[in-house]
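Colleague: Those protein sequences? They're chains B and P, same order as listed. Plus 138 on top of the position in the first sequence (first one is 1) and you've got this note's numbering. Plus 27 on top of the position in the second sequence (first one is 1) and you've got this note's numbering.
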Amino acid sequence: GAVVSQHPSRVICKSGTSVKIECRSLDFQATTMFWYRQFPKQSLMLMATSNEGSKATYEQGVEKDKFLINHASLTLSTLTVTSAHPEDSSFYICSAEAFFGVNIQYFGAGTRLSVL
Amino acid sequence: GQQVMQIPQYQHVQEGEDFTTYCNSSTTLSNIQWYKQRPGGHPVFLIQLVKSGEVKKQKRLTFQFGEAKKNSSLHITATQTTDVGTYFCAGPRGGGATNKLIFGTGTLLAVQP
Chain B
139 GAVVSQHPSR VICKSGTSVK IECRSLDFQA TTMFWYRQFP KQSLMLMATS NEGSKATYEQ
199 GVEKDKFLIN HASLTLSTLT VTSAHPEDSS FYICSAEAFF GVNIQYFGAG TRLSVL
Chain P
28 GQQVMQIPQY QHVQEGEDFT TYCNSSTTLS NIQWYKQRPG GHPVFLIQLV KSGEVKKQKR
88 LTFQFGEAKK NSSLHITATQ TTDVGTYFCA GPRGGGATNK LIFGTGTLLA VQP
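The following block contains the structure:
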């Protein structure tokens, strides 16, 4: 099956620093990748859609200057949390879209961000 | 705004018992997908349903899409400890032709051996 790698799996940083999270599709090309945020025991909330070669589209309420997304190639999208604050602490998960008869999203393992 | 609710939020069963989670959307959906997320893990795609009234089976799992395409269910027969996790339904944002998904609230299944 399709594999999506997300790195790092866990990061602890000081308030005010920036954190970059990488999402790679290892064995397929993904024109579209998605970034989600998940709070403990809650559902996944779509933050933004990352499109290769074009600007990301952000969901309502998500600050694009806070969460910078770059989709530089068909296998890599990055999410940078700029000037992170404690309220940004969360579980961030990426997914890459692949077509195997139907459009399926394959998810990375997620990144747990803790901002001190 | 668009909402996708699931009930129950949590279900605890004895191994061998059946389990059902229900998914209800505030809008009509062109399709519905189901995902499973193990504790500490990431969502894994299970299936997609497209047709009104469609029923699909995967071994002990039975998925159904409602006639009105606003609700769906997942039924597990004779649960096993490997079934533990949170089950999410997901549909297209706005209900129509988009690849953006809105996820349901999820049902956490605990299975006691």
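Cβ coordinates follow ideal geometry from the N, Cα and C atoms, glycine included.
#1: Where does the unbroken beta strand (DSSP E) through residue 158 of chain B begin, and where does it stop?
#2: Which residues, in order along the stretch 119–130 of chain P, keep a beta-carbon less than 8 Å from a beta-carbon of chain B?
#3: For residue 134 of chain P, count neighbouring C-beta atoms within 10 Å of its own C-beta (all shown protein chains included) and say buried if the count is 16 or more, exposed if not.
#4: Is DSSP giving residue 121 of chain P helix, strand or coil here?
#5: Please report the Cβ distance between residue 63 of chain P and residue 112 of chain P, rounded to the nearest whole angstrom; I am assuming they are in contact, meaning their Cβ atoms lie under 8 Å.
#6: Do residue 97 of chain P and residue 51 of chain P count as a contact pair if the criterion is CB distance below 8 Å?
#7: Let's test the definition: count the other Cβ atoms within 10 Å of the Cβ of residue 136 of chain P and tell me whether it reaches 16, buried, or not, exposed.
#8: Could you tell me the alpha carbon to alpha carbon distance between residue 199 of chain B and residue 59 of chain P, rounded to whole angstroms?
#9: Show which residues of chain P have a CB atom less than 9 Å away from the CB atom of residue 246 of chain B.
#10: For residue 112 of chain P, which beta-bridge partners are listed by DSSP?
#11: Cα separation between residue 217 of chain B and residue 148 of chain B?
Modeller: Looking at the coordinates:
#1: In the first sequence, counting from the first residue as 1, residue 158 of chain B sits at position 20. From DSSP, the beta strand (DSSP E) with residue 158 of chain B extends over 157–163.
#2: 120, 126, 127, 128, 129 and 130
#3: Mapped onto the second sequence, residue 134 of chain P falls at position 107. Residue 134 of chain P is buried by the Cβ-count criterion.
#4: What you label residue 121 of chain P is simply residue 94 of the second sequence in a count that begins at 1. In the structure shown, residue 121 of chain P sits in a helix (DSSP, three-state: H, G or I).
#5: The count along the second sequence starts at 1 and reaches residue 63 of chain P at position 36. The count along the second sequence starts at 1 and reaches residue 112 of chain P at position 85. The Cβ separation is near 5 Å, so the contact holds.
#6: Position 24 of the second sequence, counting from 1, holds the residue named residue 51 of chain P. Position 70 of the second sequence, counting from 1, holds the residue named residue 97 of chain P. Contact flag set, yes.
#7: Looking up residue 136 of chain P in the second sequence gives position 109. Per the 10 Å Cβ criterion, buried.
#8: To locate residue 199 of chain B, count along the first sequence from 1; it is residue 61. To locate residue 59 of chain P, count along the second sequence from 1; it is residue 32. Spanning the two alpha carbons is a distance of roughly 25 Å.
#9: Position 108 of the first sequence holds residue 246 of chain B. By Cβ distance, chain P contributes 69.
#10: Walking along the second sequence from the start, residue 112 of chain P turns up at place 85. Partner(s): P/136.
#11: Numbered from its first residue, the first sequence carries residue 217 of chain B at position 79. Numbered from its first residue, the first sequence carries residue 148 of chain B at position 10. Distance between the alpha carbons of residue 217 of chain B and residue 148 of chain B: 14 Å.
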